[in-house]
Amino acid sequence: MSAGAKGLRGHILISHTHWDHIQGIPFFAPLFVPGNEWDIYGPKGLGQSLREALAGQMQYTYFPVTLDQCGAKIRYHDLVEGTFDIDDIKVSTHYLNHPALTFGYRLEADGVAVVYASDHEPHSRMLATGHGEITGQDLRHAEFVNCADLLIHDAQFTAEEYPAKIGWGHSTVEYVVKLSKYAEVKRVALTHHDPLRDDDAIDRLLASIRARLRENASSLDVFAAVEGQVVEVAPSHEKGSACRAGEFQAQTPIEPALAESSVLLGIVDTKMAAALSEVIRAEGIHVEFFSDLDEARKLVAKDRPSLAILEHDPPRIDGMETCRAIRQQDNDYEHQLPVVMVASQEDQAPGAAAGVTDWLIKPFTGAYARTKIRAWVLRTACQWMRGLIPEDEERRLARPPVHVQQRRRAGARARGSRPMAQKGTEKRRSLEKVISTDKSALLWMYCREIAPFETPTFSNKVGELIARATSTPSDQKCEILGH
Ligand SMILES: [Zn+2]
Ligand SMILES: [Zn+2]
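Residue 151 in my numbering sits at position 165 of the sequence shown; the count goes up by one each step and never skips.
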C-alpha cells in the first residue's frame, strides 16, 4: 500500500480467535481499501462461524467500523483438519492443544515446508518439562511438524515455570527443542513469548538453549521471533513434501455429519459428569450416559456416538476395561470411535493397548474439555464424510441411483440418515481421491435429504441433476440447487 499498489490480493491464516491473535484485524488498513481482495481462513467451530467471531470484536460497542463496512472484498473459509491449496502452496491444518479450537498450519511450496504452531501445549505434562517419550497425540503433532525447514512454535514458558501454568495451552522452550530435534526440524523460531519476559531475558534463555545444543553437537538452529522480522527459507530440493497431514479437503462442508452428534459419557464422579455434560450441551451436542459395560456396548452399537469419554480411576472405576469392551466388537465403527480417557495421569502404553485415543488429565478447565470435545466431534464428522462416499459414488450417481434403499438398510443405523463407514472403507480410504467441496456437499444433500423419500423416477431425475451439476461451473450449480 505504501508503494501505491492497487487491487491487492492476500490470504490470512488465523490459528484461533483468542484476542491476542485477532486484534490486529480492525487496524489492518488493506482490509478497508475497495478493490482489494482477502481470503481469511480459520478453524470451523460448532455454531459460530469465523466471520461471526471476527465481527464480534468489531461491534459498535468496541469499534467504530463494523466488519461489513470494510471496503475490500473478504471471503471467509471455515476449515476442518485436512489440506487445501492457495495458488501453488499446499496448506495442511492440524488441531493444536489449547483451550480454544486452534489450528497449526503447514505450508509447502518449492520444496520448502514452513509450519506455524501457536498456541499449543504438549498433551503429556511430562513432555512439557522436556522429559519423557513423544507418543500418542504428541506423536501426531511431531508428525505434523516433521522435517520442517522452518518451525514457528509457541514457547511461552520454561520447564521451571510450567507447573504453575498447566492447562494454559502453551509450550515450554525445553519441549520445543526436544520436539524439533525429534522431528528433524531445521530451524525453529520461538514465539508467543511470555509478556512478563523482556528482551534481555529472552536473549539469556536463547543463549542457554544454544549452549546446550552445542554440547550435544546438534545442528538445530534456534532463534527467538522478533516483531517485523523477515526470514528467508532456502529451497531444499532433495527433500520431497512427504509430510502432509492428511488428504481430506479442509474446506468440505461437514454440517450434515455434525447434525446428529452425540457423546457417550462414562464418568462415575458425579460433579465431573455434570460439568462435562454441561460443556457438551453448550456445544449443542446430545449426551448419553451408561451404567455398565453391557449398556455401553449397546449404546455404541445403536446410537453411534461421535466420541466416548470414559473415566479411569482404579479401583473405583476401570475405564480401560470399558474401552477394551468397546473395541472388542468386531466392527469398523467401534475401532474408529475416538475414546478420550479422563484420568489423573496418562498411562500411554496400557492406554494404547486398550484403544485409548486421547487423554483428558485432571484437573482440567471447562474450556479445555470443550475444545477437546469439539476437535474430536469435528474429526469424527470428517471421518463420516469420508466414509460415506464409496470409491465409485461419483460414477454411481452419474447413473440412476436405484440401490440406495438397500444400501441404507444394510449400512445405516437405527436413527436414520447418519452416515457411517462400512466394513472395508477404512482400508480404501487411503487410496481415495480428494473429493471436491461442491461435489461432496451435493452428494451429502442427496444421501441425507433425498434418499429416504426415494421413488425410482424421482431419484433417477435427481441422480441426473447431480451428475450434471457436479460437472458444470459454479453459477449453474446454484441455479440447479435453487430449483
Ligand atoms: Zn490462545
Ligand atoms: Zn495466544
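Yeah, the Cβ is synthetic: ideal placement off N, Cα and C, and Gly gets one too.
Bridge-paired residues (DSSP) for residue i
| i | result |
| --- | --- |
| G28 | D64 |
| A99 | E94 |
| V326 | I295, D344 |
| D140 | T177 |
| V159 | Beta-bridge pairing links V159 to no other residue. |
| G252 | L296 |
| I75 | I72 |
| I152 | DSSP output for I152 lists no bridge partner at all. |
| K59 | E23 |
| H7 | According to DSSP, H7 bridges with nothing at all. |
Cβ neighbours of residue i in the same chain (closer than 6 Å, five flanking residues each side left out)
| i | result |
| --- | --- |
| I0 | G28 |
| A329 | H298 |
| Q334 | T121, G122 |
| K(-8) | G21 |
| P324 | L293, T343, W362 |
| R(-5) | E23 |
Which of helix, strand or coil DSSP assigns to residue i
| i | result |
| --- | --- |
| S204 | coil |
| V217 | coil |
| F89 | strand |
| V51 | coil |
| A473 | With the chain covering -13 to 469 only, the question about residue 473 has no answer from this structure. |
| Q34 | coil |
| T308 | helix |
| T366 | helix |
| S277 | coil |
| V131 | helix |
| D461 | The pLDDT assigned to D461 is 40, lower than 50, so where the model puts this residue is not dependable; a value taken from the coordinates is nonetheless given after this. Helix, per DSSP. |
| L314 | Just to set this straight, residue 314 is Gln in the shown sequence, not Leu. Correct three-state label for Q314: helix. |
| G(-4) | strand |
| E119 | coil |
| Q43 | coil |
| E269 | coil |
| Q237 | coil |
| E320 | helix |
8 Å Cβ shell around residue i - same chain, five flanking residues per side excluded
| i | result |
| --- | --- |
| P336 | M306 |
| G33 | E269, G270 |
| L285 | L250, E274, F276, P291 |
Cβ shell of residue i (< 7 Å), same chain only, five flanking positions each side left out
| i | result |
| --- | --- |
| T308 | G252, L279, A282, L296 |
| A361 | Y81, L87 |
| T351 | P85, G153 |
| A(-11) | none |
| K167 | S204, L206 |
Counted within 10 angstroms of its Cβ, other Cβ atoms place residue i as buried (16 or more) or exposed
| i | result |
| --- | --- |
| Q123 | buried |
| P301 | exposed |
| W5 | exposed |
| L182 | exposed |
| F14 | exposed |
| A490 | A query on residue 490 cannot be resolved here, the shown segment of the chain reaching from -13 to 469 and no further. |
| Y354 | buried |
| M258 | buried |
| R365 | buried |
| K348 | exposed |
| E218 | exposed |
| P438 | Confidence is the limiting factor: at P438 the pLDDT is only 47, short of 50, which leaves the residue's position unreliable and the question unanswerable from this model. |
| N83 | buried |
| N202 | exposed |
| Y46 | exposed |
| A400 | For A400, the pLDDT reaches just 34, beneath the cut-off of 50, and the residue's location in the model is therefore unreliable, leaving the point undetermined. |
| D105 | buried |
| V92 | The question names Val, but residue 92 in the sequence shown is Arg. Looking at its Cβ environment, which holds 16 or more other Cβ atoms inside 10 Å, R92 is buried. |
| G90 | buried |
| E107 | buried |
Would you list the residues whose beta-carbon is nearer than 7 Å to any heavy atom of ligand 1, in the order they occur in the chain? H2, H4, D6, H7, H84, A86, T88, D105, G155
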